[in-house]
Amino acid sequence: MKNKIYLVLISLLFVQCSDDDNGPKGYFPKQISITTRDVPEITTELNLTYTNNNLISKIEFVYLGTFAINVNRFKEIHLNYTSNNDLSEIRTVNLGGDETVTIISHDDFGVVTKMEFKSDQSAISITSDFNAQNNSYQLNGSSAIFPIEFYFDHNDKIHSIGGSSIDNRFFNFNEQEKGIYQNLKQQPELIMWSEIFDFGQLNIYLNYLATSKLEKITSQWLYHRIFVNFELDNNENIIKFSSEVNGEENEWLYTISYEERNL
8 MKNKIYLVLI SLLFVQCSDD DNGPKGYFPK QISITTRDVP EITTELNLTY TNNNLISKIE
68 FVYLGTFAIN VNRFKEIHLN YTSNNDLSEI RTVNLGGDET VTIISHDDFG VVTKMEFKSD
128 QSAISITSDF NAQNNSYQLN GSSAIFPIEF YFDHNDKIHS IGGSSIDNRF FNFNEQEKGI
188 YQNLKQQPEL IMWSEIFDFG QLNIYLNYLA TSKLEKITSQ WLYHRIFVNF ELDNNENIIK
248 FSSEVNGEEN EWLYTISYEE RNL
């Protein structure tokens, strides 16, 4: 009898694995390499790990070049989620070993209500006001940079960022062509977190989690950033492109590799 039960369990497991193998699949960025044409030349590699629900769970950083590395640069970023797949915690570790934790609170509908930034030196609390009519957030805090407003489209893809003390930016996408993150669930929390935590540097590295091709970021005050020279692989995934800021001799070269995952 035990042997029969064992065989039944093995059969069920085999069927489940077969269903997974035969189900729909999609491509997700596994490594993003960014080379900046500064002097000296710097390459930053981001290695991405995902949860079983295809959400980013970890980003590991590798720095290549003949330069002194600032110990405040990211070493690892860990992301944790609720049972509803809402981003609830972001933990960072820098090259010097210092850690920060950001706790993100949501209401029953998944709307962000508060962000709490904590480190050994300080704790900062930021509240959020959500406007359901235009899918926007206004973040409020004690710093002079607040309030900051984030506008997203109906799929939670970033549309614009603005505020009284920051440069207003507008994002131009080619909706007819796929972006790097064509299969990724959008995460407004991560976009907003980066703008506050590292002034949007991670967002630029991650190409603003674009599900369709990001071609230009139009700036109200400063120079515009354009994305050009796209190359695709045989699966129509973007594997190379460059980014330039008008008026500056500073080109960023992106190279992306992918992994295929069950959707």
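Numbering (my numbering) for the sequence shown: 8 to 270. Here a beta-carbon is modelled for each residue, glycine too, at the ideal position from N, C-alpha and C.
Distance from the CA atom of lysine 164 to the CA atom of serine 219, rounded to whole angstroms, is 9 Å.
Its chain contains Ile152, Ile155 as the residues whose beta carbon lies nearer than 7 Å to that of isoleucine 173, once the 5 sequence neighbours on both sides are disregarded; these appear in chain order. Taking a C-beta distance under 9 Å as the contact criterion, leucine 213 and isoleucine 97 do not qualify as a contact pair. For the 9 Å CB-CB criterion, glutamate 251 and isoleucine 233 form a contact. The C-alpha of proline 47 is placed about 11 Å away from the C-alpha of leucine 71.
Taken through DSSP and simplified to helix, strand or coil, phenylalanine 116 comes out as coil. Ranked by Cα distance from tyrosine 88, the options Gln189, Asp45, Ser112 are led by Ser112.
Nearest to tryptophan 228 by C-alpha distance, out of Trp200, Glu202, Phe177, is Phe177. Boundaries for tryptophan 259: no alpha helix (DSSP H) harbours it, while the beta strand (DSSP E) harbouring it runs 258-269, taken from the DSSP string. With a 10 Å radius around the Cβ and a threshold of 16 neighbouring Cβ atoms, serine 135 comes out buried. In the DSSP assignment, serine 129 falls outside any beta strand (DSSP E) and carries neither an H nor an E.
Around the beta carbon of threonine 56, a 10 Å sphere encloses fewer than 16 other beta carbons of the protein chains shown; the residue is thus reported as exposed. When DSSP states are grouped into helix, strand and coil, serine 201 belongs to the helix group.
Cβ neighbours of tyrosine 34 within its own chain (closer than 8 Å, five residues either side excluded): Gln189, Asn190, Asn242, Asn244, Tyr265, Glu266, Glu267, Arg268. Rounded to whole angstroms, asparagine 54 and phenylalanine 68 show a C-alpha spacing of 6 Å.
Leucine 209 sits in a helix when the DSSP states are folded into three classes.
A Cβ-Cβ contact shorter than 9 Å links isoleucine 84 with lysine 65.
Secondary structure at leucine 216: helix, using DSSP grouped into helix, strand and coil. It is roughly 9 Å from the alpha-carbon of isoleucine 168 to the alpha-carbon of phenylalanine 159.
Here alanine 130 has Glu123, Phe124 as same chain residues with Cβ atoms under 8 Å from its own Cβ, once five neighbours each way along the sequence are excluded.
For isoleucine 187 against proline 31, the beta-carbon gap comes to about 19 Å, at or over 8 Å, which does not count as contact.
Under the three-state reduction of DSSP, asparagine 91 is assigned to coil, being neither helix nor strand. Membership of serine 143 in the beta strand (DSSP E) is indicated by the continuous run 143-147. The continuous stretches of beta strand (DSSP E) do not include leucine 191, and DSSP gives it neither H nor E. Beta bridge pairing from DSSP links proline 36 with Tyr265. Measuring C-alpha to C-alpha distances from asparagine 162 to each of Ser149, Phe237, Ala139 identifies Ala139 as the nearest.
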